[in-house]
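S.K.:
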Amino acid sequence: MEKQHPLTDLMGTAMEKIHTMVDANTIIGTPIQTGDVTLIPVSRLSFGIASGGSDFTTKNQKPEADNSFGGGSGASAKLEPVAFLIIRGESVKLLPVAPPPATTVDRVIEAVPEVVDKVTEFWEKQQGKKGQLDPDVVE
Numbered sequence: 277m278e279k280q281h282p283l284t285d286l287m288g289t290a291m292e293k294i295h296t297m298v299d300a301n302t303i304i305g306t307p308i309q310t311g312d313v314t315l316i317p318v319s320r321l322s323f324g325i326a327s328g329g330s331d332f333t334t335k336n337q338k339p340e341a342d343n344s345f346g347g348g349s350g351a352s353a354k355l356e357p358v359a360f361l362i363i364r365g366e367s368v369k370l371l372p373v374a375p376p377p378a379t380t381v382d383r384v385i386e387a388v389p390e391v392v393d394k395v396t397e398f399w400e401k402q403q404g405k406k407g408q409l410d411p412d413v414v415e
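The sequence shown stops at residue 415 when you use this note's numbering, and every number in between is there.
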C-alpha cells in the first residue's frame, strides 16, 4: 500500500471538521411551534478552506528517506440568517431578515404578494354577493 502524503491528511481533517459543523438543520432550522403558528428559520452558509505545504530535503538525507514536510490548513465558516418561514393554518409566508426597502420601487415590489391576496379575497366576496338581494333596498 502506498503511503499517503501529509497534505492529504491535512485536507481530510479540515473537511471532517467542517462536516461536523454543517448539517441540514444549519440551513433550514428546527421548526419553532407557538400556538397555531410555526416559524422555520432559514440561513445562508458560506465557508472556505485552504491548505498548503512543502517537502524539504536535508543535506545528509539518504535517497530512500522521506522528505521533511511542513504545512498547514485552515477553514472559515459564516452562518447568516436570511428569513423565516411563517406557517399559520393554510397560509405560508416568507419573512426576510433584511433592511427595510430603501426606495419606493422596493416597497411596491415587496407589497405585491399581499395586494394580490387582498384583491383575490375581495373578488371572491363580490362573486358570492352577486346573487343576493340587499334587504335594506326597496324596489
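In this text, a Cβ means the ideal position worked out from N, Cα and C, and glycines have one as well.
#1: Assess, as a yes-or-no matter, whether the region 302 to 315 is touched by the region 353 to 366 under the definition of 3 or more beta carbon pairs within less than 8 Å.
#2: Looking only at its chain, what residues have a beta carbon closer than 7 Å to the beta carbon of Pro-317, apart from the 5 residues adjacent to it on each side?
#3: When DSSP labels each residue in this structure, what does Val-413 get in the three-state scheme?
#4: Between which two residues does the beta strand (DSSP E) harbouring Asp-331 extend?
#5: Give every residue of the same chain whose Cβ lies closer than 7 Å to the Cβ of Lys-369, excluding the five residues on either side of it in the sequence, and list them in chain order.
#6: Using alpha carbons as the reference points, say which of Leu-371, Gln-403, Thr-310 lies closest to Glu-386.
#7: If you pair each beta-carbon of the region 286 to 297 with each one of the region 321 to 329, do three or more pairs fall below 8 Å?
#8: Per DSSP, which one or two residues make a beta bridge with Glu-356?
M.R.: Let me spell this out:
#1: Yes, the region 353 to 366 touches the region 302 to 315.
#2: Counting from 1 along the sequence shown, the entry for residue 317 is found at position 41. So the list reads Gly-305, Pro-357, Phe-360, once near-sequence residues are dropped.
#3: Locating residue 413 in the sequence shown gives position 137, counting from the first residue. At Val-413, the pLDDT of 49 sits below 50, so the modelled position is not reliable; the number obtained from the coordinates is stated separately. Three-state DSSP puts Val-413 in coil, outside helix and strand.
#4: Translated into positions along the sequence shown, residue 331 becomes position 55. Taken as a continuous stretch (DSSP letters only), the beta strand (DSSP E) holding Asp-331 covers 313 to 332.
#5: The sequence position of residue 369 within the sequence shown is 93, counting from 1. Closer than 7 Å at the Cβ level, and outside the excluded window around Lys-369, lie Ile-362.
#6: Numbered from 1 along the sequence shown, position 110 holds the residue referred to as residue 386. Of the candidates Leu-371, Gln-403, Thr-310, Leu-371 places its Cα closest to the Cα of Glu-386.
#7: Judged by pairs of C-beta atoms under 8 Å, the region 286 to 297 touches the region 321 to 329, as three or more such pairs exist.
#8: Residue numbering aside, residue 356 sits at position 80 when the sequence shown is read from its first letter. DSSP, once it has assigned bridges, lists Arg-320 as partnering Glu-356.
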